[in-house]
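Protein sequence lines, in the order shown, are assigned to chains A and B. Just so we're on the same page, the numbering used here is the position in the first sequence counted from 1, plus 67. Just so we're on the same page, the numbering used here is the position in the second sequence counted from 1, plus 67.
Protein chains: 2
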Amino acid sequence: MIPTAGAGAPTLEQVAAAAGVSRSTVSRVVNGSPKVSPDVMRAVQLAIEQLDYTPNRAARSLAARRTMAIALVVPEATARFFGDPYFAAIVQGITRELEASDYVLNLQLASPESPSDKTVRYLLGGNVDGALVVSHHTGDGFLASLGERMPVVFGGRPLDPATDSGCWVDVDNAAAAASGVAYLVERGHRRIATIAGPADMPAGIDRLEGWRRALRAADLRDDLVAQGDFTLPGGARAMRELLAREAEIDAVFVASDLMAVGALGAIRERGLRVPQDLAVLGFDDSPAALSGEIAITTVRQPSVEMGAEMARTLLRMLAGEDVPRSRIMPTEVVVRESA
Amino acid sequence: MIPTAGAGAPTLEQVAAAAGVSRSTVSRVVNGSPKVSPDVMRAVQLAIEQLDYTPNRAARSLAARRTMAIALVVPEATARFFGDPYFAAIVQGITRELEASDYVLNLQLASPESPSDKTVRYLLGGNVDGALVVSHHTGDGFLASLGERMPVVFGGRPLDPATDSGCWVDVDNAAAAASGVAYLVERGHRRIATIAGPADMPAGIDRLEGWRRALRAADLRDDLVAQGDFTLPGGARAMRELLAREAEIDAVFVASDLMAVGALGAIRERGLRVPQDLAVLGFDDSPAALSGEIAITTVRQPSVEMGAEMARTLLRMLAGEDVPRSRIMPTEVVVRESA
DNA sequence: CTGAAAGCGCTTACAG
DNA sequence: CTGAAAGCGCTTACAG
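Written as structure tokens, this is what we have:
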């Protein structure tokens, strides 16, 4: 016999009867209303304890017109979501912050192109009170305008400031990348390539821009660009392409640590030493930077903290508070072995 | 001004009015009841379309006493959940199967020791109709007995057949490991070590047992065991330990591909060649097996398919169908470069 | 095949 | 500070 979930669970009505008060009063206690006398409060809490009462979520949602659920929307294939420690950090920050709240997190893995009908219906069908959107791409107008329909916090700046809505948490990717590349220049590197992130994502666009900016400031050539896709094999592929194109490269700025790990593999295949023959600078400071034999020097962004800040901001929006449109977090160059 | 989610959404009542029928009839159409005349059905569908109606999930849950939500419970730290491609495969299979259903998936990352109050309340509070539990450990009596409270499908056999409840999907880990080790023996290896998985998990216990069984069958010594934890650094650590203890090792069976990647790094540090000096056999056939420079020979388990099978089984339980208590999936040795 | 009505378990003004 | 009552938006026997 298969049991049924939540069958026979005690109701607020039963708690009220047990405590000898009205349902309204039990509701007030459950929701932490301040205007309940101490002794009544105690009686109700006792009854709740004895009956092991848990409020029915559906009934609560229906009556209060709030779901107490938040969607985490990630327009990426499952494999990429799980493959990049960056996401792990973001999720960790989010769950850490939500743990203390009454909200639950619902994960919506969408396709990178445009969200499925099911995702759209889910989001717009009143199933969540707000959404956290991470890793958004150009062309996803639906997500970009989601902020007009419900409270939304984006991880990363909007691609098109005109159409985009909602708040966001980000780092100054261009400045961060530029400071990393400036470090390479300072160390004496002159032929500096880059492995860029996707050209349809803010992080991809801005880090490339930062690399460019730093090279121009140093009067160096900015022609060595290989396109990456934020995956490990993509980083390896891009590095091979770079190596095939130009033998004189003495440093490479890779737009994510995971791609940097791939690049390191490609460099090793060619028998080159890191950092002696070729310096490698990553971005993120995710666990990937420390996963290989050589610790990767990287531009650190506080990913866990960014996830936490996203959640915190959404929680405040949900509580009706005013929040700043954007929050820019600090970055720093973390020097290790690879550069 | 922050918008409110789902505000002003059309109700079933409005659809009924627009279509000129009763609410009951609209409900029947929405739920695909067969006893609705074709023309009425068409009229209702038209009204639904025009109003862009989506049923209110909370109201539906409350009235039907079903949540249309499934929990995915993973008693692992965020970092491990995201770090191992095995989980990615499982989730991929699950979401693929659920995509076509009306159920949504709620991720519950719990601590490996015992689930937090919030997780327990969430599961028992009638928030989901059933649960999928992956990566369970000894000592988690709550999860083990969850099957007595609601429909549950486990990924992996129960640790204690007596107290455990619910259904499960698994491979024959012992037999699979034994066949892999038999392959190593066949290739002429004689001093075969193992890096085991956690001793509090079925997969850890059974793969170790399989390694042992195959060695004894071949009259070889089974004393070279190092304890791993299913993480990459853990695999590297265990391999270093093995290498320090015994110089004559000519092969190692590693209980997961991710640990095998770590082991490969440790072997390279020692200047040994794979597979010439030391053969490495992994387990899973996850993307990790192909992530490095050398393709890892591994014991394949159909992880995506196992996730899909778990979801399928739960869906059938939820539909009131009888399902087999367990389902054992096939495995095979995939020969590549490392052994 | 269709509708009227009760009810799912809560919250929330409104009175007092 | 507390309670009676309406109502949230659905589903589901029950009649017909």
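C-beta atoms are modelled at their ideal positions from N, C-alpha and C, and glycine is treated no differently. Computed from a predicted model, the values in this text were never measured in an experiment.
{"Query": "Any beta carbon of chain A sitting closer than 8 Å to that of B/L291?", "Result": "no"}
{"Query": "For the alpha helix (DSSP H) containing A/L190, list its first residue and its last residue.", "Result": "184-191"}
{"Query": "Mind checking which residues open and close the alpha helix (DSSP H) that includes B/I361?", "Result": "First-last for B/I361: undefined, no H or E at that position."}
{"Query": "Within a Cβ cutoff of 7 Å, which residues of the same chain sit near B/R379, ignoring the five residues on either side of it in sequence?", "Result": "E164"}
{"Query": "Return yes when the Cβ of B/A155 is within less than 8 Å of the Cβ of A/F350, no when it is not.", "Result": "no"}
{"Query": "Buried or exposed for A/G338, going by 16 or more other Cβ atoms inside 10 Å?", "Result": "exposed"}
{"Query": "What does B/T162 reach in chain A if we use C-beta pairs closer than 8 Å?", "Result": "T145, L176"}
{"Query": "Does B/Q368 get closer than 8 Å to chain A when you measure Cβ to Cβ?", "Result": "no"}
{"Query": "Go to B/T92, then tell me how far its alpha helix (DSSP H) extends in each direction, as first and last residue.", "Result": "90-97"}
{"Query": "Touching or not, the stretch 316-332 of chain B and the stretch 362-373 of chain B, by the rule of three or more beta carbon pairs under 8 Å?", "Result": "yes"}
{"Query": "Report yes or no: do the stretch 266-275 of chain A and the stretch 233-241 of chain A share at least 3 C-beta pairs separated by less than 8 Å?", "Result": "yes"}
{"Query": "What are the partner residues of B/G264, as DSSP defines its beta bridges?", "Result": "DSSP, once it has assigned bridges, lists no residue as partnering B/G264."}
{"Query": "What three-state label does DSSP hand B/A241 in the structure shown?", "Result": "helix"}
{"Query": "Among the residues of its own chain, which have a CB less than 6 Å from the CB of B/V401, if the five just before and after it don't count?", "Result": "D352, T365, R367"}
{"Query": "With distance defined between alpha-carbon atoms, name the residue in B/S393, B/V292, B/M217 nearest to B/T134.", "Result": "B/M217"}
{"Query": "Using alpha carbons as the reference points, say which of A/A86, A/T71, A/E308 lies closest to A/A420.", "Result": "A question about residue 420 of chain A goes unanswered here, because the residues of chain A that appear run from 68 up to 406."}
{"Query": "For a contact meaning CB atoms closer than 8 Å, what does B/S358 contact in chain A?", "Result": "L299, P300"}
{"Query": "Is the Cβ-Cβ distance between A/T263 and A/V292 less than 8 Å?", "Result": "Per the sequence presented here, residue 263 of chain A reads as Ala, with Thr not at that position. Contact flag set, yes."}
{"Query": "Report the partner residues of A/S393 according to the DSSP bridge assignment.", "Result": "A/W235"}
{"Query": "Please work out which residues of its chain come closer than 8 Å, Cβ to Cβ, to B/A346, disregarding the five sequence neighbours upstream and downstream, and give them in chain order.", "Result": "L251, R254, H256, D317, A318, V319, T364, S405, A406"}
{"Query": "Give a yes or no on whether the minimum CB-CB distance between A/I361 and chain B is below 8 Å.", "Result": "no"}
{"Query": "With the cut-off set at 8 Å, would you say A/N123 and B/V171 are in Cβ contact?", "Result": "no"}
{"Query": "Counting along the chain, where does the alpha helix (DSSP H) carrying A/F148 start and finish?", "Result": "145-150"}
{"Query": "Leaving out five residues before and five after B/A85 in sequence, what residues of the same chain have Cβ atoms less than 8 Å from its Cβ?", "Result": "A114, Q117, L118"}
{"Query": "Taking the C-alpha atoms as reference points, what is the distance between B/M268 and B/M326?", "Result": "16 Å"}
{"Query": "Check whether chain B comes within 8 Å of A/I189, counting only Cβ atoms and requiring the distance to be less than that.", "Result": "Sequence check: residue 189 of chain A is Tyr here, not Ile. Chain B, which has a Cβ nearer than 8 Å to the Cβ of A/Y189, makes this yes."}
{"Query": "Mind listing the chain B neighbours of A/N173? Cutoff is C-beta to C-beta under 9 Å, in chain order.", "Result": "A136, V171, L172, N173, L174"}
{"Query": "Could you tell me if B/P397 is buried or exposed, where buried requires 16 or more neighbouring beta carbons within 10 angstroms of its beta carbon?", "Result": "exposed"}
{"Query": "Quick one: complete beta strand (DSSP E) runs, 3+ long, within the stretch 195-222 of chain A?", "Result": "197-201, 219-222"}
{"Query": "What first and last residue would you give for the beta strand (DSSP E) that runs through A/I137?", "Result": "136-141"}
{"Query": "Terminal residues of the continuous alpha helix (DSSP H) containing B/Q117?", "Result": "105-118"}
{"Query": "Kindly indicate which three-state DSSP category A/R127 falls into: helix, strand or coil?", "Result": "helix"}
{"Query": "Ends of the alpha helix (DSSP H) at A/D349?", "Result": "According to the sequence displayed, residue 349 of chain A carries Gly and not Asp. Here A/G349 belongs to no alpha helix (DSSP H); instead the beta strand (DSSP E) covers 346-351."}
{"Query": "Could you list the residues in the stretch 214-233 of chain A with a C-beta less than 8 Å from some C-beta on chain B, going in chain order?", "Result": "G214, E215, R216, M217, P218"}
{"Query": "Is the distance from the Cβ of B/A198 to the Cβ of B/P142 below 8 Å?", "Result": "no"}
{"Query": "At what residues does the alpha helix (DSSP H) containing A/Q81 begin and finish?", "Result": "79-86"}
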